[in-house]
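Just so you know, the sequence shown maps onto residues 115 to 302 in the working numbering. C-beta atoms are modelled at their ideal positions from N, C-alpha and C, and glycine is treated no differently. Predicted model only: the values in this text are computed from it and were never measured.
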Amino acid sequence: MKISVSIGWCAVVALLLSLLVANVGAKETPKAGKVAEGAAKSPARCRCQGDLGPSGERIKQVLAEPLQSTGLEFSEEPLENVVNFLQAEYNIPIQLDTLALEDAGLTTDEPVTVNLQNITLRSALRLMLRQKNLTYIIENEVLMITTRDAAEARLIVCVYDVRDILGQEGGQERSARPDRCDYRLHRD
Numbered sequence: 115m116k117i118s119v120s121i122g123w124c125a126v127v128a129l130l131l132s133l134l135v136a137n138v139g140a141k142e143t144p145k146a147g148k149v150a151e152g153a154a155k156s157p158a159r160c161r162c163q164g165d166l167g168p169s170g171e172r173i174k175q176v177l178a179e180p181l182q183s184t185g186l187e188f189s190e191e192p193l194e195n196v197v198n199f200l201q202a203e204y205n206i207p208i209q210l211d212t213l214a215l216e217d218a219g220l221t222t223d224e225p226v227t228v229n230l231q232n233i234t235l236r237s238a239l240r241l242m243l244r245q246k247n248l249t250y251i252i253e254n255e256v257l258m259i260t261t262r263d264a265a266e267a268r269l270i271v272c273v274y275d276v277r278d279i280l281g282q283e284g285g286q287e288r289s290a291r292p293d294r295c296d297y298r299l300h301r302d
């Protein structure tokens with residue numbers, strides 16, 4: 115059974131690579147410096163499915179900025195109230211994944227205690243949400259607060275131009291350059 119499964123996966127990978135090598139040259143590559151969903155400042159030859167859109171890009175920009183002068187200071191405040199405060203204070207759309215929270219035995223009334231200043235909103239959210247084993251993702255033009263399991267269950271499909279790794283580019287031989295793509299995937 116293991117042999118047939120392995121052969122099946124090899125066939126799928128081989129087919130995908132052949133399609134990629136045949137089709138990547140015909141498609142326009144994204145502009146250099148564009149950040150694709152789930153990828154950290156990937157070179158132009160790496161693309162991930164699903165565009166964040168202007169709203170998603172703005173969310174990423176706000177997350178990278180420092181907390182406002184008041185910081186985040188809450189004591190036993192319900193999660194829903196904290197989310198409402200963050201939406202109003204930072205002017206970004208935030209949703210609670212209530213189904214995932216319920217599956218984990220949590221509610222929107224979970225008490226949040228946090229006191230953070232002089233860090234980015236991204237770091238503050240990570241620290242705050244870690245207390246409840248939660249995380250966030252940017253999806254459908256909102257910042258979605260969800261469980262770690264629900265976030266990990268969402269697949270991100272990325273396509274990489276591997277012709278240079280195979281030694282070919284546009285039909286010409288090239289030296290292998292495996293450093294062309296950043297293969298690490300990130301949620302934000």
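Three-way DSSP call (helix, strand, coil) for residue i in this model
i	result
S169	helix
V196	helix
V271	coil
L280	helix
L186	strand
E191	strand
L177	helix
A140	Legend: pLDDT at A140 = 42, less than 50; position of this residue unreliable, value from coordinates given subsequently. A140 falls in the helix class under three-state DSSP.
Cut-off 6 Å between Cβ atoms - residues of its own chain near residue i, not counting five sequence neighbours on either side
i	result
K148	Legend: pLDDT at K148 = 37, less than 50; position of this residue unreliable, value from coordinates given subsequently. So no residue of the chain qualifies.
L186	V228, L230, A238
Q201	I208
Buried or exposed (CB count within 10 angstroms, at least 16 for buried), residue i
i	result
A146	Caution applies to A146, whose pLDDT of 36 falls short of 50 and renders its modelled position unreliable; the value that the coordinates give is listed next. Under this definition A146 is an exposed residue.
D217	exposed
L215	buried
L257	buried
V271	exposed
Contact check, residue i vs residue j, beta carbons under 8 Å
i	j	result
L210	E194	yes
E203	Q182	yes
A178	R268	no
S169	E224	no
V226	F188	yes
I173	I252	yes
8 Å Cβ shell around residue i - same chain, five flanking residues per side excluded
i	result
L243	T249, Y250, I259
R262	N247, L248, T249
Residues near residue i in its chain [Cβ-Cβ closer than 7 Å; skip 5 each side]
i	result
L220	K246
V196	F188, V226
T212	T222
### Query
Which ranges would you report for the beta strand (DSSP E) in the region 203–253 if only whole runs of at least 3 residues count?
Runs of the beta strand (DSSP E) inside the region 203–253: 208–210, 225–230, 248–253.
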